[in-house]
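Presented below is the structure to which this report refers.
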Amino acid sequence: MALDPDKEALIFRKFDYLNARRLLHLQSELTELEDQLHDLDAQSRKDVDSKKSLKKHEIFVERAEVQDSTDQKRSALLIEIHSKLNEYHNTLVLESQVASLHAPPMRALKAYRSYFSGEGPMDRIVFGKAQAALNDGQDFVTLQPAPETDVLSRFVRDHWSQQLRSSIHPNPNETTLRFREMRIGLIVGLINIIAALVLIIGAVVSLFKLRTKPDSVRLGSIAGFTAFFAITLGLLTNVKRAEVFAAMAAYAAVLVVFVSGDLGGSGGNKV
């Protein structure tokens, strides 16, 4: 795990079941304390002196020192509620942070299981219940997710790992492949550049070749290239939906200007 140059193999269990049970247990305890506080408040409203302590904090502090008084019980209960609420809220915040951690990619999880279960020439590392826990893929998180999660980056990681393997800390008895994420970025970046050149130059050349064709044919070509541009953008990058629409509009505008400005040499062809 520690030998992974990009730390993607830092995979651990979340223990979702135990976390949920702990939160439910704390929630039940707080509910019980809340009911006890309501009961004490109801008793205080029936007593003149205790009723005054509900309205004035100084009286409450003074009466809280009286042994076995309602205000003493309420003071002790409030201290317990304060401590339990802090524990409950801290647990909620921590669970929220854990829930936001990314699940490990199937490739890394498969290598993780293979390493600990002793598949291949390596000896098994974990036994017993710890080994059975490796089968629960929904309960694992990675501390260092892959920086790029687009379709192309995932494809390169899953299918070109053999060509991208690194020689860092080689172990002749280990079958796990390691590679640097930087290599993925270089390959994906190169493919993106080539795709961008093809989409721009290819569209311009095609529209120039279609300069003698009717306008309907050229407009259809613009629509086709724009659709292909949107598909390529969605597969090769991590752009959001709004960014896809903005890029499509800009790309289509360039092609429309090329055609309407007679840059393609239409010669006045009509539909």
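Mapped onto full-length UniProt numbering, the consecutive letters of the sequence shown carry residue numbers 1 to 271.
A virtual CB, placed ideally from N, CA and C, is assigned to each residue, including glycine.
Beta strand (DSSP E) containing residue i: first to last residue?
{"i": "Thr142", "result": "140 to 142"}
Taking 6 Å as the limit between beta carbons, can you name the residues of its chain near residue i, skipping five residues before and five after?
{"i": "Gln43", "result": "Thr70"}
{"i": "Ser260", "result": "none"}
{"i": "Asn19", "result": "Glu95"}
{"i": "Gly202", "result": "none"}
Given residue i, which residues of its chain have a CB within under 7 Å of its CB, disregarding the five upstream and five downstream residues?
{"i": "Leu40", "result": "Thr70, Lys73, Arg74, Leu77"}
{"i": "Leu10", "result": "Met1, Thr142, Leu143, Gln144"}
{"i": "Tyr251", "result": "Thr226, Phe229"}
{"i": "Leu233", "result": "Val239, Val244, Ala247"}
How is residue i classed by DSSP in three states: helix, strand or coil?
{"i": "Arg13", "result": "strand"}
{"i": "Ala20", "result": "helix"}
{"i": "His169", "result": "At His169, the pLDDT of 48 sits below 50, so the modelled position is not reliable; the number obtained from the coordinates is stated separately. The answer is coil: DSSP assigns His169 none of H, G, I, E or B."}
Quick check on the burial criterion: 16 or more other C-beta atoms within 10 angstroms. Buried or exposed for residue i?
{"i": "Pro214", "result": "exposed"}
{"i": "Ala227", "result": "exposed"}
{"i": "Ser83", "result": "exposed"}
{"i": "Val198", "result": "exposed"}
{"i": "His169", "result": "Unreliable placement is indicated for His169, whose pLDDT of 48 sits below 50; the coordinate value is still reported in the next sentence. When all chains shown are included, His169 counts as exposed."}
{"i": "Arg21", "result": "exposed"}
{"i": "Leu195", "result": "Just to set this straight, residue 195 is Ala in the shown sequence, not Leu. Label assigned to Ala195: buried."}
{"i": "Ser100", "result": "exposed"}
{"i": "Ser53", "result": "buried"}
{"i": "Leu24", "result": "exposed"}
{"i": "Leu85", "result": "exposed"}
{"i": "Arg157", "result": "buried"}
Take residue i and list the residues in its own chain whose beta-carbon comes closer than 8 Å to its own, dropping the five residues that flank it on each side.
{"i": "Leu235", "result": "Asp150, Val151, Leu152"}
{"i": "Glu34", "result": "Ile81"}
The alpha helix (DSSP H) that contains residue i, what's its start and end?
{"i": "Thr212", "result": "Taken as a continuous stretch (DSSP letters only), Thr212 belongs to no alpha helix (DSSP H), as it is neither H nor E."}
{"i": "Leu77", "result": "70 to 99"}
{"i": "Ala253", "result": "241 to 260"}
**Report entry** At least 3 beta-carbon pairs within less than 8 Å: the stretch 187 to 194 vs the stretch 209 to 223
**Finding:** The answer is no - the stretch 209 to 223 does not touch the stretch 187 to 194, with fewer than three Cβ pairs under 8 Å.
Report task. Kindly confirm or deny that the stretch 28 to 37 and the stretch 98 to 109 touch, where touching means at least three C-beta pairs closer than 8 Å. Result -> Under the 8 Å Cβ criterion, the stretch 28 to 37 does not count as touching the stretch 98 to 109, having fewer than three qualifying pairs.
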